[in-house]
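S.K.:
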Amino acid sequence: MNVFDILGPVMIGPSSSHTAGAVKIGLVARQLLGDTPKKAKILLHGSFASTGVGHGTDKAIVAGLLGMQPDDKRIPDSFAAAKQQGLDFSFDTIHLRGAHPNTAVLTLEDGKKRKLEIEAASLGGGRIQVRKIDGIDTNFSGEYNTLIVHNLDQPGHVAQVTTILAQRNVNIATMQLYRNVQGGYAVMVIECDQPIPEDLVDWLMKLDGIIKVSYINVKQ
Amino acid sequence: MAYDSIKKMLKDAQEKNLPLWKVILQEDTASQNGSEEASMQKMLTLWKTMQTTTCSYRSEERSHSGLVGGDSARVSDAAKKGKLIGDAFLNEMIALALQISECNACMKRIVAAPTAGSCGVLPAVLIPLAKKENLPDTVMIQALYIAAGFGEVIAQRASIAGASGGCQAEIGTASAMAAAALVWLKGGSAEQCAHACAMALSNLLGLVCDPVAGLVEVPCVQRNVTGALNAVGAANMALSGVICHIPADEVIDAMGSIGDQMPTSLRETGKGGLAATPTGQKIAERLTDKTIL
Numbered sequence: 001m002n003v004f005d006i007l008g009p010v011m012i013g014p015s016s017s018h019t020a021g022a023v024k025i026g027l028v029a030r031q032l033l034g035d036t037p038k039k040a041k042i043l044l045h046g047s048f049a050s051t052g053v054g055h056g057t058d059k060a061i062v063a064g065l066l067g068m069q070p071d072d073k074r075i076p077d078s079f080a081a082a083k084q085q086g087l088d089f090s091f092d093t094i095h096l097r098g099a100h101p102n103t104a105v106l107t108l109e110d111g112k113k114r115k116l117e118i119e120a121a122s123l124g125g126g127r128i129q130v131r132k133i134d135g136i137d138t139n140f141s142g143e144y145n146t147l148i149v150h151n152l153d154q155p156g157h158v159a160q161v162t163t164i165l166a167q168r169n170v171n172i173a174t175m176q177l178y179r180n181v182q183g184g185y186a187v188m189v190i191e192c193d194q195p196i197p198e199d200l201v202d203w204l205m206k207l208d209g210i211i212k213v214s215y216i217n218v219k220q
Numbered sequence: 001m002a003y004d005s006i007k008k009m010l011k012d013a014q015e016k017n018l019p020l021w022k023v024i025l026q027e028d029t030a031s032q033n034g035s036e037e038a039s040m041q042k043m044l045t046l047w048k049t050m051q052t053t054t055c056s057y058r059s060e061e062r063s064h065s066g067l068v069g070g071d072s073a074r075v076s077d078a079a080k081k082g083k084l085i086g087d088a089f090l091n092e093m094i095a096l097a098l099q100i101s102e103c104n105a106c107m108k109r110i111v112a113a114p115t116a117g118s119c120g121v122l123p124a125v126l127i128p129l130a131k132k133e134n135l136p137d138t139v140m141i142q143a144l145y146i147a148a149g150f151g152e153v154i155a156q157r158a159s160i161a162g163a164s165g166g167c168q169a170e171i172g173t174a175s176a177m178a179a180a181a182l183v184w185l186k187g188g189s190a191e192q193c194a195h196a197c198a199m200a201l202s203n204l205l206g207l208v209c210d211p212v213a214g215l216v217e218v219p220c221v222q223r224n225v226t227g228a229l230n231a232v233g234a235a236n237m238a239l240s241g242v243i244c245h246i247p248a249d250e251v252i253d254a255m256g257s258i259g260d261q262m263p264t265s266l267r268e269t270g271k272g273g274l275a276a277t278p279t280g281q282k283i284a285e286r287l288t289d290k291t292i293l
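Chains A and B, in that order, give the protein sequences. Positions 1 to 220 (full-length UniProt numbering) are the ones given, in order, by the first sequence. Positions 1 to 293 (full-length UniProt numbering) are the ones given, in order, by the second sequence.
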């Protein structure tokens with residue numbers, strides 16, 4: 001906790017969880033896709049579904065997808081900006097069993113080949129948690145430099161990824177491993193102290209058994 | 001680590017022979033491994049943002065629900081016409097608390113202090129005082145460190161979220177932070193800041209969070225006025241030598257404990273209190289019809 005957890009953030013109102021946090025969900029989803037999406041299907045659950053329009057949650061998520069920060073004055077007009085930038089979006093409600101009351105599920109397409117589905121919750125005070133990526137459980141905030149590798153669940157991939165990070169002097173802060181079934185589809189989420197080098201991502205993508213690599217570099 | 005005890009915060013200031021704001025700043029930068037200059041620059045940005053929020057106010061604007069907007073202008077107009085109780089200074093605080101909260105509801109840029117729902121309290125008391133007494137930004141920043149220091153203790157010992165502690169945790173905390181800041185700006189001692197914080201929080205203990213239709217609008221916007229006026233009352237009492245008979249840390253613990261005992265219907269769920277009244281429910285139904293989802 002520091003003084004700026006009490007005073008701040010500077011944000012567009014009216015709610016840190018329903019507006020500022022919603023912008024962050026959009027922003028993290030955009031970063032994970034790697035580009036501004038061309039198509040976005042946004043599903044709102046719980047309090048997001050029942051009070052989201054009144055809190056501008058819908059405008060906030062779209063603003064985040066367009067790369068706006070939580071204090072961007074253009075957030076209230078994000079729908080018009082989406083039209084201009086060719087982002088085709090739709091909203092609906094969903095009921096997720098046992099999910100956090102402020103949860104959104106986003107299905108994104110970049111218009112080329114990349115697709116992404118993420119489920120994220122807004123925890124309050126503008127903090128968020130990514131709960132699922134492409135249907136696999138995860139748990140990270142997007143507040144650190146984060147490398148996400150989707151791979152076949154077979155031996156050696158964790159070693160490959162951690163070795164290349166070590167070679168590039170990138171220190172691992174936290175590491176999580178998830179999979180759907182043994183020998184199936186796996187995801188590793190690695191939070192790092194240093195930014196993830198872009199060429200490292202390209203290199204990983206060429207390895208056998210690596211399905212998809214995405215990353216978030218937090219601006220300092 | 002931020003302070004988790006007001007007693008400890010005051011003791012440190014006394015032992016180090018430093019002003020209270022400086023101790024809070026030092027403790028903060030030491031734990032972040034950052035520089036005091038950078039922290040103070042950031043605080044200055046927050047102070048400037050609080051002031052620019054008021055510039056974005058348009059009296060004809062309404063929130064998405066249509067429930068909020070225009071009230072600050074109503075108070076200012078009535079004050080100008082001499083219709084109201086109290087002097088211009090007092091009514092400016094009322095108008096400003098409404099104005100900043102209305103800006104929040106209308107999706108303008110605000111500083112959460114400590115939350116978006118209570119963002120009107122601190123600027124409503126600080127801006128008019130800075131103007132009236134011509135206080136420089138450097139002094140106002142010091143007041144913001146005082147406010148943040150007390151807020152940090154409340155956040156750690158109790159809560160600053162309506163969903164966990166009710167409105168006493170949001171408007172109550174904002175009011176306690178503002179009271180301490182005001183005492184310091186008027187030349188009060190660190191002990192008097194603590195008494196003001198304790199009295200302001202004591203006076204709002206038990207306040208529930210019962211937003212109509214679950215929105216940060218009714219009664220949140222108007223409760224910012226209560227937070228501001230209560231801060232002035234507590235600050236004036238402390239500056240006069242009136243003390244809170246329960247120490248600040250214990251008042252904060254009481255707030256936390258009351259929050260724990262509060263039913264969930266009164267903690268930001270929009271299911272109890274004003275939200276559950278026939279009119280509150282009618283408004284909620286009308287807004288559900290308006291929802292495009």
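Glycine is no exception: its CB is placed at the ideal position from the N, C-alpha and C atoms.
1. Does any C-beta atom of chain A lie closer than 8 angstroms to the C-beta of Y145 of chain B?
2. Taking Cβ positions only, does P195 of chain A come closer than 8 angstroms to chain B?
3. Taking the alpha helix (DSSP H) that K59 of chain A falls in, what are its first and last residues?
4. With a threshold of 16 other CB atoms inside 10 Å of the CB of F140 of chain A, please say whether the residue is buried or exposed.
5. Going by other Cβ atoms of all chains shown within 10 Å of its Cβ, with 16 needed for buried, is T138 of chain B buried or exposed?
6. For the candidate residues A:V213, A:I210 and A:K41, whose alpha-carbon lies nearest to that of D88 of chain A?
7. Measure the alpha-carbon distance for E285 of chain B versus R157 of chain B and round it to whole angstroms.
8. Threshold first: 4 residues or longer. Then list the alpha helix (DSSP H) segments lying entirely within the segment 38–124 of chain B, N to C.
9. Check the Cβ-Cβ distances between F4 of chain A and every residue of chain B, and say whether any is below 8 angstroms.
10. Can you tell me whether Q84 of chain A is buried or exposed, with buried defined as 16 or more other CB within 10 angstroms of its CB?
11. Rounded to the nearest angstrom, what separates A166 of chain A and D202 of chain A at their Cα positions?
12. Decide if the segment 1–20 of chain A is in contact with the segment 43–53 of chain B; the criterion is three or more beta carbon pairs, one per stretch, under 8 angstroms apart.
13. Do we get a CB-CB distance below 8 angstroms when we pair D28 of chain B with the residues of chain A?
14. So who's on the other strand from K39 of chain A, going by DSSP bridges?
15. Could you tell me if A179 of chain B is buried or exposed, where buried requires 16 or more neighbouring beta carbons within 10 angstroms of its beta carbon?
16. Starting from K132 of chain A, trace the beta strand (DSSP E) both ways and give me its first and last residue.
17. On the DSSP bridge assignment, give the partners of Y215 of chain A in chain order.
18. Any beta-carbon of chain B closer than 8 angstroms to the one on V218 of chain A?
19. Output yes or no for whether 8 angstroms exceeds the beta carbon distance between P70 of chain A and P9 of chain A.
20. Does the structure place the segment 209–221 of chain B close enough to the segment 265–285 of chain B that three or more beta carbon pairs sit under 8 angstroms?
21. Would you say K24 of chain A faces chain B, with C-beta separation under 8 angstroms as the test?
22. Assuming A79 of chain B and A95 of chain B are in contact, meaning their beta carbons sit under 8 angstroms apart, how far apart are those beta carbons, in whole angstroms?
23. I need the straight-line Cα distance from K38 of chain A to L27 of chain A, nearest angstrom please.
24. So which residues of chain A does G214 of chain B contact, with C-beta pairs closer than 8 angstroms?
25. Which residues in chain B have a C-beta closer than 8 angstroms to the C-beta of G124 of chain A? List them in chain order.
26. Tell me whether the beta-carbon of V221 of chain B lies closer than 8 angstroms to the beta-carbon of M93 of chain B.
27. Is it the case that the Cβ atoms of K212 of chain A and H150 of chain A are separated by a distance below 8 angstroms?
28. Consider the Cβ of K132 of chain A: report whether some Cβ of chain B lies at a distance smaller than 8 angstroms.
29. Is there contact here, the segment 165–177 of chain B with the segment 197–207 of chain B, by at least three beta-carbon pairs under 8 angstroms?
30. Residues in the same chain with beta-carbon distance under 6 angstroms from L7 of chain B, minus the five sequence neighbours each way, listed in chain order, please.
31. Roughly how many angstroms separate the alpha carbons of L239 of chain B and V53 of chain A, rounded to a whole number?
32. For G67 of chain A, decide whether its Cβ has a neighbour in chain B, counting only Cβ atoms nearer than 8 angstroms.
33. Please state the DSSP three-state secondary structure of residue 303 of chain B.
34. To which residues of the same chain is A124 of chain B closer than 6 angstroms at the C-beta, ignoring the five residues directly before and after it?
35. Is DSSP giving Y145 of chain B helix, strand or coil here?
36. Within 8 angstroms of any Cβ in chain B, is that where the Cβ of S16 of chain A sits?
M.R.: The relevant details are as follows:
1. yes
2. no
3. T57 to L65
4. buried
5. exposed
6. A:K41
7. 38 angstroms
8. 71–80 and 88–105
9. yes
10. exposed
11. 16 angstroms
12. yes
13. yes
14. A:D88 and A:E109
15. buried
16. R127 to I133
17. A:L147
18. no
19. yes
20. yes
21. no
22. 7 angstroms
23. 14 angstroms
24. S47, S50, T51 and G54
25. A161 and A163
26. no
27. yes
28. no
29. yes
30. Residue identity differs from the one stated: residue 7 of chain B is Lys in this sequence, not Leu. Only D249 meet the Cβ criterion.
31. 45 angstroms
32. no
33. Residue 303 of chain B cannot be examined here, being either before or after the span of chain B that is shown, 1 to 293.
34. M93, L96, A97 and A228
35. helix
36. yes
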